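Undergrad:
Residue numbers (the numbering used here): 2 to 237.
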C-alpha cells in the first residue's frame, strides 16, 4: 500500500534534482512518450501551467530518422512552445550536421490541457476530458481505445447499477423469494463478483483484441438486465 507512493515521491525528487527546479510536478514518472504525426516526443518532467523539462523530439520520414532535437526546458505561450537550451542533429543521407540554439519556437498541437490527459490515467479523467482527448488521438492517427473504454465505463455506470438493482429485485420478487435469506445473499454475492469479473476481463480484452469498448461495457450490463427481467417475469 505504501510502496507506490514512496516510489513516486522518490522519483519526483530525483527528477527535480536532475532538472534543477523546485515546483510541484504533474507527473513524477520516468517520462512520457507521445506521437504527433511523424514526430515522436519524449518528456522527462511535466509541470503544471505548460512547463516541460527534458524535451526530446525525433522526426521521421518514413522509416528514416531525419532530425533529433533535445531541449532542456520548454514553456507554453499563446499557441506555441518556446524551447530553451537546444541541441539539434540532422540526418541527410550519409551527412550528419549538429547545431545548437538558445531558444526556438516550436509549433505543436500539444497543449498544457492535453498534457494533463497524458499524465493522468484514463479513469481519473472527467467525461468531457475523455471525449476531447479521444478525438485528439483519433485526429493524430493514434489509438484512443483506452480512453473510449474509460468514457463508456463512466457514462454507463448508472445503467450498470440499475442492472444489478434489477437482479437484486428479482431475488426478492422472483423465483428465489421462497429460498432462505442466506441462499439469496450468497447468490447475490456470486452475481456481483461475476459482474465485476466480467467487466475487468472484457475491458482489457477489447483493447487487446480490438473489439469495440462500448460492447465490452454493455455486455455485462445487458446480461444482468435480461437475466433480472426474465426472473421477474417468472414471479407469478
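No residue lacks a Cβ here, since even glycine has one placed at the ideal position from N, Cα and C.
Keep in mind the model is a prediction, meaning the values are calculated, not measured.
Could you say which of 99, 46, 85 lies nearest to residue 67 if we only look at CA atoms?
TA: Residue 99 is the option with its Cα nearest to residue 67.
Undergrad: Report the three-state DSSP secondary structure of residue 89 (helix, strand or coil).
TA: Residue 89: strand per DSSP, three-state reduction.
Undergrad: Rounded to a whole number of angstroms, what is the C-alpha to C-alpha distance between residue 194 and residue 213?
TA: Answer to the nearest angstrom: the Cα atoms are 23 Å apart.
Undergrad: Should residue 218 be labelled buried (16 or more other beta-carbon atoms within 10 Å of its own) or exposed?
TA: Looking at its Cβ environment, which holds 16 or more other Cβ atoms inside 10 Å, residue 218 is buried.
Undergrad: Considering only their Cβ atoms, is the gap separating residue 72 from residue 85 smaller than 8 Å?
TA: Yes, they are a contact pair.
Undergrad: Does the Cβ-Cβ distance between residue 76 and residue 51 come in under 8 Å?
TA: Against a cut-off of 8 Å, the Cβ pair of residue 51 and residue 76 comes out as a contact.
Undergrad: Taking all protein chains shown into account, do 16 or more other C-beta atoms lie within 10 angstroms of the C-beta of residue 46, making it buried, or fewer, making it exposed?
TA: Buried, by the Cβ-count rule.
Undergrad: Based on the DSSP secondary-structure assignment, which residues constitute the bridge partners of residue 48?
TA: Beta-bridge pairing links residue 48 to 52.
Undergrad: Would you check if the stretch 129-147 and the stretch 159-167 touch, i.e. whether three or more CB-CB distances between them fall below 8 Å?
TA: Taking 8 Å as the limit for Cβ pairs, the verdict is that the stretch 129-147 does not touch the stretch 159-167.
Undergrad: To the nearest angstrom, report how far apart residue 232 and residue 222 are at their CA atoms.
TA: Rounded to whole angstroms, residue 232 to residue 222 spans 15 Å at the Cα level.
Undergrad: On a Cα-Cα basis, can you pick out the residue from 207, 197, 181 that is closest to residue 149?
TA: Nearest C-alpha to residue 149: 207.
Undergrad: Might you give, ordered along the chain, the residues of its own chain that have their beta carbon closer than 6 Å to the beta carbon of residue 80, omitting 5 neighbours on each side?
TA: Counting only Cβ-Cβ distances below 6 Å, and skipping sequence neighbours, we find nothing.
Undergrad: For residue 127, is the classification buried or exposed, using 16 other Cβ atoms within 10 angstroms of its Cβ as the cut-off for buried?
TA: Exposed, because fewer than 16 other Cβ atoms sit within 10 Å of the Cβ of residue 127.
Undergrad: Pull up the distance between the alpha-carbon of residue 229 and that of residue 190, whole angstroms please.
TA: For residue 229 and residue 190, the distance between alpha carbons rounds to 15 Å.
Undergrad: Measure from the alpha carbon of residue 53 to the alpha carbon of each residue in 37, 64, 92, 111, then state which is nearest.
TA: Measuring from the Cα of residue 53, the nearest candidate turns out to be 111.
Undergrad: Starting from the Cα of residue 117, find the closest Cα among 154, 184, 48, 179 and give me that residue.
TA: Among 154, 184, 48, 179, the Cα nearest to that of residue 117 is on 48.
Undergrad: Is it buried or exposed, residue 28, if we count other Cβ atoms within 10 angstroms and call 16 or more buried?
TA: Residue placement at residue 28 is poorly supported in this model, since its pLDDT is 44, which falls under 50; the coordinates still yield a value, given next. Result: buried.
Undergrad: If you follow the alpha helix (DSSP H) that residue 99 is part of, which residue opens it and which one closes it?
TA: Premise fails: residue 99 lies in the beta strand (DSSP E), 96-107, not in any alpha helix (DSSP H).
Undergrad: Using the three-state DSSP reduction, which class does residue 199 fall into: helix, strand or coil?
TA: DSSP places residue 199 in helix when its eight states are reduced to three.
Undergrad: Over the uninterrupted beta strand (DSSP E) stretch that includes residue 78, give me the two end residues.
TA: 65-78 is the extent of the beta strand (DSSP E) around residue 78.
Undergrad: Between residue 170 and residue 226, which are expected to be in contact by the criterion C-beta below 8 Å, what is the C-beta distance as a whole number of angstroms?
TA: Not quite, the Cβ-Cβ distance comes to about 12 Å (not below 8 Å), so this is no contact.
Undergrad: Over what stretch of residues does the alpha helix (DSSP H) that includes residue 178 continue unbroken?
TA: Where residue 178 is concerned, there is no enclosing alpha helix (DSSP H), given that its DSSP letter is neither H nor E.
Undergrad: Could you give the first and the last residue of the continuous beta strand (DSSP E) run that contains residue 36?
TA: Looking at the DSSP string, the run of the beta strand (DSSP E) that includes residue 36 is 33-37.
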